[in-house]
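Residue numbers (this note's numbering): 3 to 367.
C-beta: ideal position from N, C-alpha, C; glycine also.
Computed from a predicted structure; not experimentally measured.
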Ligand code: SF4
Ligand code: SF4
C-alpha cells in the first residue's frame with residue numbers, strides 16, 4: 003500500500019504515548035469497544051500501515067473508517083495528538099492505493115458528475131429559481147440544506163430577504179468536505195474549491211454565508227491551502243449575531259448542540275449562544291457536554307454512510323443528553339438529520355436548525 007501521506011505524519015503517530023485518556027470520550031469506542039477503534043489503536047494501525055508491518059485488510063479498513071473526525075480525542079489528549087489529520091492521511095493513502103468502498107465510490111461519482119453527493123439531477127439554479135448576480139453577500143447553501151433539509155436553506159433565503167440584504171445565491175458545487183473526510187486527494191478537492199471560488203468571484207461578493215458547518219470548515223481551513231480567498235467566509239449565525247434583529251419571543255426551554263466542524267475545528271462557540279440570547283422568553287440550558295467538550299452527533303467522517311447503525315447509536319446518546327430541554331437547536335443540517343435519527347419513538351424533543359427558528363421569529367412589520 004502507498005503511504006506518501008502517512009509519511010508526512012510520522013512524528014504525530016509517534017507522539018501518541020498510548021496513555022488511553024482518549025478512551026473515555028471517543029464516540030466510536032463507546033459503541034465498538036475494541037481498543038483498535040479508539041485514537042490510540044488507530045495511531046498504532048496507521049503506523050503499522052506506514053511501516054508496511056500490516057496490510058490494509060478488511061478489519062483495518064473498518065477501524066480506520068470508523069472515525070467521525072470529531073477531534074474530541076485531540077482535545078482530551080495530553081500530547082495533543084492530531085488524530086484526525088493522521089486518520090485522514092491514512093484514508094488518502096488507502097484511496098490512492100485504489101481501495102474505495104462502493105458507498106464512497108458512489109458519493110464521489112455523484113459529486114464529479116452532478117456536483118452533489120446525493121445523485122440529485124437539479125442544479126441550484128433550478129432548485130431555487132434564482133440566478134446568481136452581483137451582490138455584496140453570497141449564500142453558499144451547501145448540498146445538505148439544498149437537497150435534504152431545504153427548510154434550512156429556505157429559512158436562510160427568507161432571513162436575507164426580510165433583512166433587505168444585498169444577496170445572491172451561487173452556481174455552487176459540493177464543497178468537497180465529504181471527499182476530504184473519506185480520503186480523496188487534494189487534486190479532487192482542489193477542483194471543487196476552484197469551481198466554488200470562481201462562482202463567488204463572478205458575483206463580486208465580499209461576504210459568503212454558510213448554514214452548513216462542514217462547508218464553512220472547508221472554506222476557512224482547506225480552500226486557503228489552494229488559493230487566497232478574496233471574500234470573508236462566515237457562518238450565518240456569526241453574521242446574524244452582529245445584526246440588529248427584531249425577534250418575537252420564544253417561550254421554550256432550549257439547548258444547543260455544537261457541531262464538531264464549527265466547534266472544535268473552528269472554535270465557533272459564542273456566536274450561536276449570543277444569537278439564542280437575543281430571543282426573549284427562551285430558557286437556555288447547556289447540556290452536560292457542550293462547547294469544547296461537546297459530544298459528536300455521530301454523522302461525520304463518512305460514518306453515517308458506511309456504518310449507519312453506529313451513527314444512530316451515537317446520535318441516540320447525544321439526544322438523551324438534550325432531553326433536559328423542549329428544543330434542541332444546532333447550526334448544521336447534517337447534525338439535524340443525524341440527531342433526528344437518534345430520537346426514540348416516545349421522545350418529545352424537537353430538533354431544529356437555529357436559522358429556521360430565527361426566520362420564524364423575525365418580525366418585519
Ligand atoms: S490520549 Fe493521546 S497520547 Fe493518549 S492514547 Fe489517546 S491519542 Fe494517544
Ligand atoms: S476523532 Fe472522534 S471518533 Fe475519531 S478517534 Fe477521535 S474521538 Fe474517536
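Distance, Cα to Cα, residue i vs residue j?
i	j	result
residue 195	residue 222	12 Å
residue 183	residue 207	28 Å
residue 173	residue 93	30 Å
residue 98	residue 4	7 Å
residue 14	residue 86	11 Å
residue 295	residue 74	7 Å
residue 230	residue 197	14 Å
residue 351	residue 171	33 Å
residue 160	residue 253	22 Å
residue 112	residue 177	13 Å
Residue i bridges to which residues according to DSSP?
i	result
residue 212	142 and 237
residue 364	249
residue 286	256
What are the boundary residues of the alpha helix (DSSP H) that includes residue i?
i	result
residue 258	Segment 255 to 259 is the beta strand (DSSP E) holding residue 258; no alpha helix (DSSP H) there.
residue 87	85 to 98
residue 245	Premise fails: residue 245 is in no alpha helix (DSSP H) and is neither H nor E.
residue 157	152 to 164
residue 322	310 to 324
residue 269	Looking at the DSSP string, residue 269 is not in any alpha helix (DSSP H), and its letter there is neither H nor E.
residue 61	60 to 67
residue 335	335 to 343
residue 23	It is not in any alpha helix (DSSP H) - residue 23 carries neither H nor E in the DSSP assignment.
residue 6	6 to 10
residue 135	Looking at the DSSP string, residue 135 is not in any alpha helix (DSSP H), and its letter there is neither H nor E.
Would the beta-carbon of residue i be found less than 7 Å away from any heavy atom of ligand 1?
i	result
residue 22	yes
residue 292	no
residue 83	yes
residue 197	no
residue 80	yes
residue 148	no
Less than 7 Å separating the Cβ of residue i from some heavy atom of ligand 2?
i	result
residue 75	yes
residue 298	yes
residue 19	no
residue 337	no
residue 96	no
residue 317	no
residue 114	no
residue 86	yes
Just reading off the beta strand (DSSP E) that residue i is part of, what are its end residues?
i	result
residue 332	329 to 332
residue 354	352 to 355
### Message
Threshold first: 4 residues or longer. Then list the alpha helix (DSSP H) segments lying entirely within the segment 167 to 231, N to C.
### Response
179 to 184, 188 to 203 and 215 to 219
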